[in-house]
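Following: one structure in structure tokens, then a few remarks.
In this note's numbering, the protein residues as written are 121 to 219.
So this is what it looks like as structure tokens:
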């Protein structure tokens, strides 16, 4: 189990984190974190939809088996209390892990 997946469970409701933040605290790279998120076989337990780009752009999402995946990510974020506008999240919703 990759440490980044375990950290996902610690992100508070209504918050997101970035690939870069997860990379920093796990000693990895943002691209490697993206691969971990992409291969997450349990998005119900490890909410990878809460990981976005440091610019606030949504990035990708693989947790949906059918239909437009980015729409599913937006739906999950909104359900969690995160406001998505023009496919971006305002930095006030960012959660930063410290190491």
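Where a beta carbon is used, it is the ideal one built from N, C-alpha and C, also for glycine.
DSSP bridge partner residues for residue i (one or two, in chain order)
i, result
"residue 133", "Looking at the DSSP assignment, residue 133 forms no beta bridge with any residue, so it has no partner."
"residue 138", "172"
"residue 156", "Paired residue(s): none; residue 156 is not in a bridge."
"residue 217", "None; residue 217 has no bridge partner."
Of the listed residues the options, nearest to residue i (C-alpha basis)
i, options, result
"residue 208", "170, 218, 182", "170"
"residue 213", "163, 181, 138", "138"
"residue 189", "151, 202, 158, 152", "158"
"residue 178", "131, 166, 219, 211", "211"
Cβ neighbours of residue i in the same chain (closer than 7 Å, five flanking residues each side left out)
i, result
"residue 141", "216, 217"
"residue 126", "none"
Other residues of its chain near residue i: CB distance less than 6 Å, five sequence neighbours each side excluded
i, result
"residue 194", "204"
"residue 149", "143"
Distance, residue j Cα to residue i Cα
i, j, result
"residue 153", "residue 202", "21 Å"
"residue 124", "residue 206", "27 Å"
"residue 220", "residue 163", "There is no way to answer for residue 220, as the model of the chain reaches only from 121 to 219."
"residue 132", "residue 160", "19 Å"
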